[in-house]
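Take a look at the structure set out below.
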Amino acid sequence: MAEADSATIRYHDESWEAESGVTIHRAIERVGIDPHSVLAIRGKKLVTHQTLLEPEDEIRLVDIVSGG
51 MAEADSATIR YHDESWEAES GVTIHRAIER VGIDPHSVLA IRGKKLVTHQ TLLEPEDEIR
111 LVDIVSGG
């Protein structure tokens, strides 16, 4: 569970604590994931990587799938 002043980022079967007040983009970079390879979802809504993390946020990352 996240501390009251932090957010949780989940990707596949892993999760990380992230400082609130930073952008999702920055938090994703800090855990070593390429921000251009994932989408961020808060609740059931897609959010931009420029969104600031809020205390107790739970952000789920999903892989971007492309092809033809």
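Everything in the sequence shown is counted per my numbering, starting at 51 for the first residue and increasing by one.
Every residue, glycine too, gets a C-beta built ideally from N, C-alpha and C.
Buried or exposed: D107, going by 16 or more other Cβ atoms within 10 Å of its Cβ?
Here residue 107 is taken as the residue at index 57 of the sequence shown, counted from 1. Per the 10 Å Cβ criterion, buried.
Between I74, H62, D55 and S87, which has its C-alpha nearest T116's C-alpha?
For this step, residue 116 is matched to residue 66 along the sequence shown. With the sequence shown as reference, residue 116 is identified as Ser, and Thr is not the correct amino acid for it. Among I74, H62, D55 and S87, the Cα nearest to that of S116 is on S87.
Bridge partners of A77, per DSSP?
Along the sequence shown, read from residue 1 onward, the residue named residue 77 stands at position 27. Answer is none; A77 lacks a bridge partner.
Within 8 angstroms, strictly: CB atoms of L103 and V72:
On the sequence shown, position 53 is the one that residue 103 refers to. On the sequence shown, position 22 is the one that residue 72 refers to. Their beta carbons are under 8 angstroms apart, which means L103 touches V72 by this criterion.
Does any residue of chain B have a CB that is nearer than 8 angstroms to the CB of R60?
The chain inventory of the structure shown lacks chain B, comprising one protein chain alone.
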